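As structure tokens, the structure follows; a few thoughts come after it.
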DNA sequence: TATATTTGTTAGACATGCCTAACTAAATTA
DNA sequence: TAATTTAGTTAGGCATGTCTAACAAATATA
Ligand SMILES: [Mn+2]
Ligand SMILES: [Mn+2]
Ligand SMILES: [Mn+2]
Ligand SMILES: [Mn+2]
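Protein chains in written order, with the numbering used here: chain A, 32 to 249; chain B, 32 to 249.
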């Protein structure tokens with residue numbers, strides 16, 4: 032049995048240790064931060080997760096998921112992204128509305144439900160934010176992407192995903208005229224703060240470095 | 032805020048005090064029984080529900096829902112039955128599989144989700160077990176029904192709902208050749224145990240009184 | 001009506017998951 | 001390397017929701 036709280040920790044650990052290939056370990060504070068709990072709380076849960084064999088760590092050491100833990104985490108992410116896709120494709124939700132509800136739906140336990148949902152959606156490959164949906168075996172079709180902040184001046188690229196799933200960020204992205212598959216031309220960059228001038232559908236905008244780092248492009 | 036546990040108590044109380052028109056009050060043991068908890072646990076929760084203004088009862092007295100409590104309960108039942116319909120209609124679940132998963136899905140909090148789900152299902156009136164689905168205002172289209180046990184000998188009736196939602200019962204019902212809208216002819220009844228001889232699609236079966244009391248007909 | 005049975009309540013305990021405050025170890029900086 | 005800062009841990013407490021055991025009230029039965 033995996034409780035909802037435990038599932039949330041496993042999912043957070045997966046994001047902290049697998050989303051960026053170079054970063055394969057996490058710390059207590061970082062984890063606590065992502066889950067909006069205190070480090071004491073995270074530490075306490077880590078002991079339980081270790082006890083259950085889902086996490087490996089030693090006192091004052093770095094945290095990582097075991098193979099078992101990773102399997103569980105991927106299952107939850109799979110459900111999360113399938114539900115987001117369902118809400119977006121079938122129930123008229125916008126991409127800034129899906130995440131919050133999927134945070135609840137991802138905890139529903141039923142193998143058949145997930146299988147049938149995937150079939151009903153015709154085996155989608157990416158969710159409304161451009162993130163890959165793991166298949167039933169837990170395999171993730173990894174897509175090589177850069178952040179917009181890494182794109183050189185005068186080059187044009189295509190938005191394929193967003194890192195930040197918060198509704199405020201997504202609404203701002205829409206305001207910039209952007210959506211998945213949008214073409215973005217990098218006009219220029221101010222070196223002292225990393226902010227960028229971009230052009231989308233002939234409309235120019237200035238965006239901060241932080242924003243550029245949350246837009247994933249190819 | 033209504034917790035999942037609280038929602039389950041409200042729903043159980045609704046079934047105990049509104050499903051049968053003559054029975055408008057419930058007792059602690061009865062409630063505990065329905066929720067598979069001890070009477071002590073139910074008693075403890077009742078105090079909290081009373082405190083929140085959802086339940087009215089006095090020590091050693093009978094329990095009933097307040098108007099506020101009833102509104103909450105109907106919302107949960109509405110969600111439960113919409114999800115059951117979704118699973119049945121869209122995701123290839125059988126009627127004996129839907130209840131268990133709906134027990135989880137009914138607790139998802141999102142007004143938009145329920146509205147859109149209902150629209151997606153084209154405003155269904157009954158769930159896979161023949162039970163009416165409350166509308167957004169909380170109105171329930173009440174259907175007058177009898178149990179098969181009340182039908183006289185040699186009369187024919189139509190199955191419109193099942194009282195017991197357990198998968199074992201529903202599978203047995205299917206084995207009898209029955210489904211919603213099936214025609215049932217009452218051939219005879221043994222007085223000493225209330226068991227009945229019935230005919231469905233030219234197949235005769237003998238069923239216990241208990242079973243007959245869980246089949247709702249018109 | 002006295003007794004037995006059923007129904008409901010209270011007290012005390014426990015697991016889960018969270019907190020704050022105090023502390024310790026590790027890493028950084030002077 | 002010593003001092004400071006950051007990261008991580010421990011102790012103790014609390015809310016929720018559950019339990020068992022003991023008890024009290026209400027109801028049914030003799
Ligand atoms: Mn999301
Ligand atoms: Mn997503
Ligand atoms: Mn049901
Ligand atoms: Mn039903």
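Every residue gets a Cβ at the ideal spot worked out from N, C-alpha and C, and that includes glycine. Source: prediction; values computed, not measured.
Contact test: residue i Cβ vs ligand 3 heavy atom, cutoff 8 Å
i, result
"residue 112 of chain B", "yes"
Local conformation of residue i per DSSP, three classes
i, result
"residue 61 of chain B", "helix"
"residue 70 of chain B", "helix"
"residue 33 of chain A", "coil"
"residue 100 of chain B", "helix"
"residue 221 of chain A", "coil"
"residue 171 of chain B", "coil"
"residue 228 of chain A", "strand"
"residue 148 of chain B", "helix"
"residue 233 of chain B", "coil"
"residue 122 of chain B", "coil"
"residue 242 of chain A", "helix"
"residue 215 of chain B", "strand"
"residue 49 of chain A", "helix"
"residue 249 of chain A", "coil"
"residue 107 of chain A", "helix"
Residue i: CB within 8 Å of a non-hydrogen atom of ligand 4
i, result
"residue 167 of chain A", "no"
"residue 156 of chain B", "no"
"residue 133 of chain B", "yes"
Residue i classed as buried or exposed, judged by whether at least 16 other C-beta atoms fall within 10 angstroms
i, result
"residue 164 of chain A", "buried"
"residue 89 of chain B", "exposed"
"residue 159 of chain A", "buried"
"residue 143 of chain A", "exposed"
"residue 50 of chain B", "exposed"
"residue 116 of chain B", "buried"
"residue 100 of chain B", "buried"
"residue 161 of chain A", "buried"
"residue 32 of chain B", "exposed"
"residue 110 of chain A", "buried"
"residue 60 of chain B", "exposed"
"residue 127 of chain A", "buried"
"residue 78 of chain B", "exposed"
"residue 39 of chain A", "buried"
"residue 154 of chain B", "exposed"
"residue 223 of chain B", "exposed"
Residue i beta carbon near ligand 1 (any heavy atom closer than 8 Å)
i, result
"residue 138 of chain A", "no"
Any non-hydrogen atom of ligand 2 within 8 Å of residue i CB
i, result
"residue 160 of chain A", "yes"
"residue 115 of chain A", "yes"
Residues proximal to ligand 3 by C-beta, any heavy atom closer than 5 Å: Checking every Cβ against the heavy atoms of ligand 3 under 5 Å gives B/130 and B/196.
Of all the beta strand (DSSP E) runs that stay within the bounds of the stretch 175–209 of chain A, which reach a length of 3 or more residues? Counting only runs of 3 or more, we get 187–193.
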